[in-house]
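Colleague: Taking the working numbering, the leading residue of the sequence shown gets 4, the next gets one more, and so forth.
Built from N, CA and C at the ideal position, the CB exists for glycine as well.
Just so it is clear, the structure is predicted and the values come from calculations on it, not from any experiment.
To start, I am sharing the structure in question, which I have written as structure tokens.
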Amino acid sequence: MDGKADLHMHTTYSDGALLPHDVVVKAKGAGLRTISITDHDTVGGLEESLALGKQYDIEVIPGVELSATLNDREIHILGYFMDHRNQILLDSLAEFRVERLRRAERIVGKLNKMNIPLSMESVLANTSGDCVGRPHIANALVNEGHAEDYHQAFRKYIGDGKPAFEKKVCFSPEATVSLIAEAGGLSFLAHPGKSISEEFLIQLIDAGLDGIEVVHPSHTNELIQYYRGIVSEYCLLECGGSDFHGGKKGDETVLGQYTIPTASVDMMRRRLFSN
Ligand code: AMP
Ligand code: ZN
Ligand code: FE
Ligand code: FE
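The following block contains the structure:
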């Protein structure tokens, strides 16, 4: 029987607010049949999440969300079904997390130059895993009274192009796709949104992506139809989900709202078997 799948969820292992246990229980409660835990640059929560899936009778697919750079622009790539014990994958993820730490230090340095006395210690106090990201810096800024709220922290300081923004050092899309493929997984372009030109999209497809994230909270119905068209034109697969991070206002209501049919997950499996 067809069910609903949400293949984009974060936990405390990266910048989500909830433990894998609570994500799995909430997903089950929202009537989802299949989910994927796609933490940024870490597979640390997968072992536990897969076991929880069995315990609560909900299918959990191993996932990860990586950042890549093309033409100086950062994009996100979702990996699914890879072997999360693959040593090359684990080593690369560890490197990416070190890069995140260095970048957080650069951001804190910029903030300090702007006379905002934020310390790395207070940023790290806002993380629970070993993957530091801008959401943790935003929370630290709010908790220390330097920003009124999470969104203002991005608008004023650390959002793309804002005064304390710093880029991550990332692999190319080709290298990211190969890393996932070498670990036996499939790669999808995450939330392409509306600001991506068709030319840029084709460059990314040429990098070897298996599919595109068609359903995402940032996509209008028109965009969903547009990306479904691209998926079918280029013989790609589709994925989709809520990009659930938990904790923030309204986050609970996204569960069950941004889904793809489990039949799309079956197509992903078929692609894996024919590889
Ligand atoms: P990072 O991977 O460290 O660059 O952090 C990226 C994350 O920060 C995204 O996944 C969003 O959750 C969050 N983020 C980025 N830009 C904004 C923004 N302008 N407002 C709120 N959250 C944002
Ligand atoms: Zn995130
Ligand atoms: Fe993302
Ligand atoms: Fe995400």
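1) What runs of the alpha helix (DSSP H), each 4 residues or longer, lie entirely inside the region 112-136?
2) What's the gap between the Cα of G132 and the Cα of D163?
3) Tell me which residues share the same chain as R36 and place their Cβ nearer than 8 Å to its Cβ, disregarding the 5 neighbours each side in the sequence.
4) Identify which residue in E50, E185, V26 has its Cα closest to the Cα of M85.
5) Please report how far the alpha carbon of L21 lies from the alpha carbon of G249, in whole angstroms.
6) Is it the case that the CB of E50 approaches a heavy atom of ligand 4 more closely than 7 Å?
7) Could you compute how far the alpha carbon of G47 sits from the alpha carbon of D269?
8) Could you please give me the residues that DSSP links to P264 through a beta bridge?
9) I think R274 touches D209, with their Cβ atoms under 8 Å apart; what is that distance to the nearest whole Å?
10) Grab the span of the alpha helix (DSSP H) containing L226 for me, first residue to last.
11) Could you name each continuous alpha helix (DSSP H) segment of 4 residues or more that falls completely within the region 13-89, going from the start of the chain to the end?
12) How about the region 91-106 and the region 155-173: do they share at least three Cβ pairs that are nearer than 8 Å?
13) DSSP three-state call for I205: helix, strand or coil?
14) What first and last residue would you give for the beta strand (DSSP E) that runs through S281?
15) Thinking C-alpha only, which one of G243, E236, G148, G56 is nearest A193?
16) By Cβ distance, which residues of its chain are closer than 7 Å to H139, with the 5 residues on each side in sequence left out?
17) DSSP three-state label for I335, please.
18) Roughly how many whole angstroms lie between the Cα atoms of N115 and N142?
19) Determine the direct distance from the alpha carbon of L204 to that of G211, and round the result to whole angstroms.
20) Who are the Cβ neighbours of T14 in its own chain at under 7 Å, not counting the five residues just before and after it?
21) Assuming L93 contacts I80 under a Cβ cut-off of 8 Å, what Cβ separation, rounded to an integer in Å, is found between them?
22) Consult DSSP for V172 and reduce its assignment to one of helix, strand or coil.
23) Taking the alpha carbon of Q90 as the reference point, which residue from E241, G187, L240, Y261 has its own alpha carbon closest?
Modeller: Quick look at the numbers:
1) 123-128
2) 24 Å
3) G6, K7, A8, I61, E62, T265
4) E185
5) 6 Å
6) no
7) 25 Å
8) K7
9) In fact, because the Cβ distance is near 18 Å, the residues do not count as touching under 8 Å.
10) 224-236
11) 23-32, 49-59
12) yes
13) helix
14) Any property of residue 281 remains undetermined from this structure, which presents the chain solely from 4 to 278.
15) G243
16) D18, V126, N129, T130
17) Here the chain covers residues 4 to 278 and nothing more, so residue 335 does not appear.
18) 16 Å
19) 12 Å
20) L21, L22, P23, V26, I40, D42, G48
21) Not confirmed; about 17 Å, so no contact.
22) coil
23) G187
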